[in-house]
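At position 258 of the sequence shown the residue is numbered 258 (full-length UniProt numbering), and the sequence of numbers has no breaks.
Structure first, then comments.
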Amino acid sequence: MTKQQWSEDLIKKLDPQNVKIDELLSLHTMTRMGGVADLFVTPETEDQAAFVVQYAYKNKIPILLIGNGSNMVVRDGGVRGIVLRLEKLNKITINGNRVIAECGADIIDVSKAVAKESLTGLEFACGIPGSIGGAMAMNAGAYGGEIQDVIYQSTVLTPSGETLILSKEDLELGYRKSIVTKKGYYVLSSEFELQKGIQEEIDAKIADLTFQRESKQPLEYPSAGSVFKRPPGNFAGKLIQDSGLQGKGFGGAEVSMKHAGFIVNKNNATATDYINTIEMVKKVVKENFGVELELEVKIVGEN
Numbered sequence: 001m002t003k004q005q006w007s008e009d010l011i012k013k014l015d016p017q018n019v020k021i022d023e024l025l026s027l028h029t030m031t032r033m034g035g036v037a038d039l040f041v042t043p044e045t046e047d048q049a050a051f052v053v054q055y056a057y058k059n060k061i062p063i064l065l066i067g068n069g070s071n072m073v074v075r076d077g078g079v080r081g082i083v084l085r086l087e088k089l090n091k092i093t094i095n096g097n098r099v100i101a102e103c104g105a106d107i108i109d110v111s112k113a114v115a116k117e118s119l120t121g122l123e124f125a126c127g128i129p130g131s132i133g134g135a136m137a138m139n140a141g142a143y144g145g146e147i148q149d150v151i152y153q154s155t156v157l158t159p160s161g162e163t164l165i166l167s168k169e170d171l172e173l174g175y176r177k178s179i180v181t182k183k184g185y186y187v188l189s190s191e192f193e194l195q196k197g198i199q200e201e202i203d204a205k206i207a208d209l210t211f212q213r214e215s216k217q218p219l220e221y222p223s224a225g226s227v228f229k230r231p232p233g234n235f236a237g238k239l240i241q242d243s244g245l246q247g248k249g250f251g252g253a254e255v256s257m258k259h260a261g262f263i264v265n266k267n268n269a270t271a272t273d274y275i276n277t278i279e280m281v282k283k284v285v286k287e288n289f290g291v292e293l294e295l296e297v298k299i300v301g302e303n
């Protein structure tokens with residue numbers, strides 16, 4: 001089967017403008033880099049998403065899910081098969097102290113929406129650049145909070161397209177991992193259980209965390225976000241900074257001068273530049289401190 005045939009099959013159920021052949025992924029990633037996807041599909045409903053996953057499974061077509069393109073580096077050769085982006089599944093529903101957010105909703109938007117209802121628990125997420133689906137899959141966290149602190153349950157698709165509802169226990173959440181990443185599930189929506197709080201305190205906390213993020217992170221340049229996981233008893237950014245690597249890199253990619261835990265696309269970097277910079281950082285930190293830095297970002301696609 002050709003990608004043209006895949007496209008013709010999928011538009012029987014999806015709007016043709018939501019199925020694109022040879023779409024440039026640099027248009028859809030936070031790093032602003034990456035080659036083309038054979039087929040780039042953006043369903044508008046959970047049923048359509050399930051149809052795409054079932055179709056790919058039945059026809060043995062590789063499928064890659066991207067949220068809002070953060071926390072990911074797509075290689076310059078692009079991605080074979082289907083790239084599935086669920087940004088159009090972005091509804092947020094608040095009912096009492098529970099909120100259900102579809103996978104494509106930005107977690108920052110969810111954090112702000114619940115804050116307006118005087119619900120506390122998601123303030124930590126007010127600066128996380130990612131979708132609910134990606135945040136759930138990775139058990140995203142910042143400033144002392146994590147998804148596992150507030151999650152109630154998630155609705156997911158299995159690789160064969162079967163729908164499951166997973167409780168907090170079923171999700172097996174750990175540091176930047178979950179059953180979702182372990183089994184290759186696709187998050188459709190997540191339900192969070194929050195607490196009533198004091199509006200002024202919630203607003204003050206969000207303002208403080210937003211200020212911290214804007215003053216300490218290199219938001220002026222494209223990047224994949226925090227590149228490395230926190231090593232036990234240390235901070236990746238500190239090890240990189242102490243290795244004198246800020247401002248160093250390859251091509252248009254370099255270790256941020258503002259926060260050493262970030263690698264930025266400073267001047268039309270290719271994915272190869274970015275990945276070479278990652279490898280250089282890992283090598284130097286290992287030589288200097290004997291610490292093997294582990295990636296938090298996902299590297300996908302072909303060279």
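Note that CB positions come from ideal geometry on N, CA and C, so glycine has one too.
Note that this is a predicted model, so its numbers are computed, not measured.
Under the Cβ criterion (8 Å, minimum of three pairs), the stretch 269-283 counts as touching the stretch 242-259. Residue range 46-58 is occupied by the alpha helix (DSSP H) that includes residue 57. In this chain, residue 80 is not harboured by any alpha helix (DSSP H); it is covered by the beta strand (DSSP E) spanning 79-85.
A straight line joining the alpha-carbon of residue 150 with that of residue 130 spans about 17 Å. Looking at 89, 258 and 193, the one whose alpha-carbon comes closest to that of residue 214 is 258.
For residue 239, the enclosing alpha helix (DSSP H) covers residues 236-242. The continuous alpha helix (DSSP H) containing residue 213 extends over residues 199-216. Here residue 137 has 178, 180, 181 and 187 as same chain residues with Cβ atoms under 7 Å from its own Cβ, once five neighbours each way along the sequence are excluded.
In the DSSP assignment, the residues bridged to residue 153 are 167 and 191.
In the same chain as residue 3, and ignoring 5 residues on each side of it, the C-beta atoms closer than 7 Å to its own belong to 21, 38 and 39, in chain order. As DSSP reads the structure, residue 72 sits in a beta bridge with 298. Excluding five sequence positions before and after residue 99, the CB atoms of its chain that fall closer than 6 Å to its own CB belong to 114 and 192, given in chain order. Residue 220 and residue 293 have their alpha carbons spaced roughly 25 Å apart. Look at the beta carbons and you see the stretch 198-214 not touching the stretch 278-288: under three pairs across the two are nearer than 8 Å. Straight through space, the alpha carbons of residue 82 and residue 71 are spaced by roughly 19 Å.
The stretch 197-207 makes contact with the stretch 117-124; the number of CB pairs closer than 8 Å reaches 3 or more. In this structure, residue 190 lies near residue 132, with their beta-carbon atoms less than 9 Å apart. With a threshold of 16 other beta carbon atoms within 10 Å, residue 96 falls short and is exposed. Nearest to residue 242 by C-alpha distance, out of 127, 278, 288 and 152, is 288. Contact annotation: residue 123 and residue 202 have beta-carbon atoms nearer than 9 Å.
For residue 274, the number of other beta carbons within 10 angstroms of its own is at least 16, and it is reported as buried. Between the C-alpha atoms of residue 228 and residue 110 there is a straight-line separation of about 25 Å. One alpha carbon belongs to residue 277, the other to residue 49, and they sit about 35 Å apart.
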